[in-house]
Amino acid sequence: MCGIVGYVGPQNALDVVLEGLRRLEYRGYDSAGVAVRVGGSGGGQLASAKKAGKLANLEKVLADQPLPESTIGIGHTRWATHGGPTDRNAHPHLSADGRVAVIHNGIIENFAALRAECEAAGVEFRSDTDTEVVAHLLAAVYPELPEGPGRLAEALRAVSRRLEGAFTLVAAHADEPDTLVASRRNSPLVVGVGDGEYFLGSDVAAFIAHTREARELGQDQVVEIDRTRGLTVTDFDGAPAEPVAYTVDWDAAAAEKGGHDWFMLKEIAEQPQAVADTLLGRLGDEGDLVLDEMRLSDQELRDIDKVFVVSCGTSYHAGLIAKYAIEHWTRIPVEVEVASEFRYRDPVLDRSTLVVVISQSGETMDTLMALRHAKDQKARVLAICNVNGSTIPRESDAVLYTHAGPEIAVASTKSFLAQIVACYLVGLILAQVRGIKYADEVAVIVRELQKLPEAVSQVLGQMEPVRELGRSMADAGTILFLGRHVGFPVALEGALKLKELAYIHAEGFAAGELKHGPIAVIDEGTPVVVIVPSPRGRSLLHGKVVSNIQEVRARGARTIVIAEEGDEDVVPYADHLIRVPRTPTLLAPVVTTVPLQVLACEIAATRGYDVDQPRNLAKSVTVE
Ligand code: F6R
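My numbering puts the first residue of the sequence shown at 1163, with every later residue one more than the last.
This is the structure in structure tokens:
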């Protein structure tokens, strides 16, 4: 996700801000920019520089055209969401008169309406971002407010009240020599308090080199940092608020990982946010879906008579889950295939085929080749992708971005959950547009989707016994994973995570296949992880999986059972029981996957392996 830095104090702001951005590089970004405020208390100005690509590109621009020394500065590393990763879309964004500079992390859901309002007032936009609208709105509000202390904060409060979605915003004004303001809703922001200086950061890594004294902001709050008046926090209506003070006890390296030992653990912890952000801005007022950004017309969606889902590795497993949901909700046949096979077997495709390609990186060569083949055959291609501006969405007819934020660990976790959610959205929009489901039926499922972030948080809160279990399994020679229905792809994903991280032989099976061969490998003590479907609604399936647990246990397996709360049938057969919240059957993979990620991570760490960079693997596989 975007990195945000702000500074007010006696040091040269540009140096502090650039150093902060360097420390936030781990968050992943595709462009960077800075702005400083120069001049005395009368007649100040803002100066800014921004550039697509790595920080080195920005530093080159700054070397050619240095910015003046200043005591106020803001900096941003951007992870593109609205608008591609270009120079003009990089932050900061300035108001038309150049008096306001804004940086932003998050998604402003109602930006289109606000942009139309600004354009109607004669503003010409210079970027494709949702952020720029904030700079123009602030510039419009500020002159209407009384001069004096707190004016910029009041302007930001007024603008923040009008915004929907998730945002951390930091703003500077040319007329404010000592002040920066920031606001937050559903997006991170921390304040660093130094000796006569103040810092803003998307996380403490931004300022850890200067101070360990931090303040945590609450939801829907605005903070003002001022060289003379210090720190003032209010809610969006101006009521004073007290930020939570804490001392950071991490060093700089740990701070980048948010205090977690591994990026993978940090990314696992970010999953509630990844799921929530992937739903953000896609739900209409009536509980229906609005996926305008997808660029497929209703008629094109109605014409589809067959769906292929094509992807690799973990993204392929998301595709397998998609099949269950899309077929069930739309009654359109869905085939799922690994990209490297799809391309070379001459699949039957035509204009009425929708090919959904799923890729976290957007650069996987196998998937790209499959996409090109599908387009050659005149099929419609929809990309589900996490990296804005990458090749796969660029070459696709339509795109639905997962908003999981950058994934640093090689093993995919939060983007997998976000991909599953995006697949549900594809299934539901097809059902909605084709009239297979009434709006109120779609709304019921959408409401269940909205509960998923909380359900994932609940699972994450109960992971200590799973870690302990992982430590006890570190010497296993083989670990098997069993599931049925949507639990089958989850079993495949659990096995893949374990193989790639812990280098242990692991396999996922459809539980019903067990008796057709795999059961022979079960020996005394072989760990078998079983993903149990809900006993509610799918009772037939549930009973069969309970029988499968008994079968493996009778042959000596050590059973690790993932079952929903209240499922008492599994209790007698579970050597270890991992509970997950009750979730509708089709949505269950979003919660049942999480313990498997944690298990694999813990086993790998116990075996002494580098969890973030497993041997032989690359994050983005750009060869066939
Ligand atoms: C597993 C993993 C890989 C990727 C696969 C596809 O944890 O990360 O299996 O899922 O290489 O990558 P993307 O989604 O970038 O196309």
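C-beta: ideal position from N, C-alpha, C; glycine also.
- When the five nearest sequence neighbours on each side are left out, the beta carbons in the same chain lying within less than 6 angstroms of the beta carbon of Val1498 are those of Val1471, Gly1481, Leu1482, Lys1485, in order along the chain.
- Taking all protein chains shown into account, Gln1712 has fewer than 16 neighbouring C-beta atoms within 10 Å of its C-beta and is therefore exposed.
- DSSP, reduced to helix, strand and coil, places Asn1219 within a helical segment of the structure shown.
- Not one heavy atom of ligand 1 is found less than 7 angstroms from the C-beta of Ser1619.
- In this structure, Ala1657 lies near Phe1643, with their beta-carbon atoms less than 8 angstroms apart.
- Only buried fits Leu1590, as 16 or more other CB atoms lie within 10 angstroms of its CB.
- Taking C-beta separations shorter than 7 angstroms and ignoring five residues to either side along the sequence, the partners of Glu1448 in its chain run Ala1601, Ala1605, following chain order.
- In this structure, Glu1286 has its beta carbon at no less than 7 angstroms from each heavy atom of ligand 1.
- The distance from the Cβ of Arg1542 to that of Glu1462 is about 6 angstroms, consistent with a contact at the 8 angstroms cut-off.
- The beta carbons of Asp1337 and Gly1206 sit about 6 angstroms from each other, so the pair counts as a contact at 8 angstroms.
- At the C-beta level, Thr1754 and Ser1696 stay beyond 8 angstroms of one another.
- Secondary structure at His1678: helix, using DSSP grouped into helix, strand and coil.
- The C-beta separation of Pro1254 from Ile1265 comes to about 5 angstroms, placing the pair in contact by the 8 angstroms criterion.
- Per DSSP, Ala1401 is not a residue of any beta strand (DSSP E), being assigned neither H nor E.
- Residue pairing of Ile1270 in beta bridges, as defined by DSSP: Gly1327.
- Put simply, the backbone Cα of Ala1225 is about 16 angstroms away from that of Val1178.
- For Phe1470, the enclosing beta strand (DSSP E) stretches over residues 1468-1473.
- Going by DSSP, Phe1671 is part of the beta strand (DSSP E) stretching over 1667-1672.
- Two segments are said to touch when three or more pairs of C-beta atoms, one from each, lie closer than 8 angstroms; by this definition the stretch 1270-1282 does not touch the stretch 1354-1366.
- For Ala1573, the shortest separation between its Cβ and any heavy atom of ligand 1 lies below 7 angstroms.
- By a beta-carbon distance limit of 8 angstroms, Glu1418 contacts Tyr1188. Their separation comes to about 5 angstroms.
- Uninterrupted alpha helix (DSSP H) stretches at least 4 residues long and entirely within the stretch 1424-1455 occur at 1425-1431, 1433-1441, given in chain order.
- Set against 7 angstroms, the gap from the CB of Val1472 to the closest heavy atom of ligand 1 is not smaller.
- Annotation for Gly1201: Gln1207 place their beta carbon closer than 7 angstroms to its own, counting only its chain and skipping 5 residues before and after.
- Across the structure, Ala1252 and Leu1183 are spaced so that their CA atoms are roughly 14 angstroms apart.
- Every beta strand (DSSP E) of 3 residues or more that sits fully in the stretch 1297-1359 is shown, in chain order, as 1327-1335, 1341-1347, 1352-1355.
- In this model, Ser1473 and Val1452 are separated by some 25 angstroms (Cα to Cα).
- Around the C-beta of Ser1322, 16 or more other C-beta atoms lie within 10 Å, and the residue is accordingly described as buried.
- Using a Cβ-Cβ distance cut-off of 8 angstroms, the stretch 1736-1745 and the stretch 1612-1628 are in contact, since at least three pairs of beta carbons, one from each stretch, lie closer than that value.
- Taking a contact as a CB-CB distance under 8 angstroms, the pair Ala1571 and Ala1580 does not count as one, their CB atoms being some 15 angstroms apart.
- Cβ-Cβ distances below 6 angstroms link Pro1680 to Phe1671 in the same chain, with the five nearest sequence neighbours on each side left out; the list follows chain order.
- As for any beta strand (DSSP E) of minimum length 3 sitting wholly inside the stretch 1710-1743, the runs are 1720-1726, 1738-1742, ordered along the chain.
- In the structure shown, the three-state DSSP call for Pro1757 is helix.
- Within the DSSP secondary-structure output, Ala1560 pairs in a beta bridge with Leu1544.
- Tyr1304 counts as buried, since at least 16 other C-beta atoms from the protein chains shown sit within 10 angstroms of its C-beta.
- A straight-line Cα-Cα distance of about 35 angstroms links Val1773 and Val1608.
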